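A quick write-up on the structure given underneath.
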Amino acid sequence: MPLTTAGLDAAVDGIAAVNTRTSLHIADPSSPDADEVVATGYSDTTWAAAFNGSRAESQVSAALPGSTTVEHGGVFSADSDGTPACGSPLGAAETAGSAGTVQHASTITVTH
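Each step along the sequence shown adds one to the number in UniProt numbering, with nothing skipped, and position 110 is 110.
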């Protein structure tokens, strides 16, 4: 039997409950600190209520050093050596000619 909507929402609620940090990466963040843009640090995030197996993240700001291109955002459980929950490509790569700020928001989706 596939998961019901309530089951999908419960699964995504569990992921969001322990993954409250986001970061920016130059490639897919498949492991802690993988290709992370060091100057961005981690931003605290909050999540909207689950709906049909998805939860949207609040938009966060991250510092981006000059001459850097970021392509992915990541969601982690802790600032240092956190467990990656997921990563996703940004809508479009962001390149900073000089230091600046990037706005980012993720969505966690569980499917059956």
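Where a beta carbon is used, it is the ideal one built from N, C-alpha and C, also for glycine.
Source: prediction; values computed, not measured.
Go through its chain and collect everything with a Cβ distance to A62's Cβ below 6 Å, but skip five positions before and after it. L24, T40, S43 and V102
Go ahead and pull the three-state DSSP assignment for L3. coil
Is the number of C-beta pairs between the region 66 to 77 and the region 47 to 54 that are closer than 8 Å three or more? no
A96, DSSP secondary structure in three states: strand
Excluding the 5 residues preceding and the 5 following D9 in the sequence, name in chain order all residues of the same chain whose CB lies nearer than 8 Å to its CB. A50, F51, N52 and G53
Provide the residue span of the beta strand (DSSP E) that contains H72, from first to last. T68 to F76
May I have the straight-line CA-CA distance separating G7 from E57, to the nearest angstrom? 20 Å
Just to confirm the assignment, what range does the beta strand (DSSP E) spanning T20 have? It is not in any beta strand (DSSP E) - T20 carries neither H nor E in the DSSP assignment.
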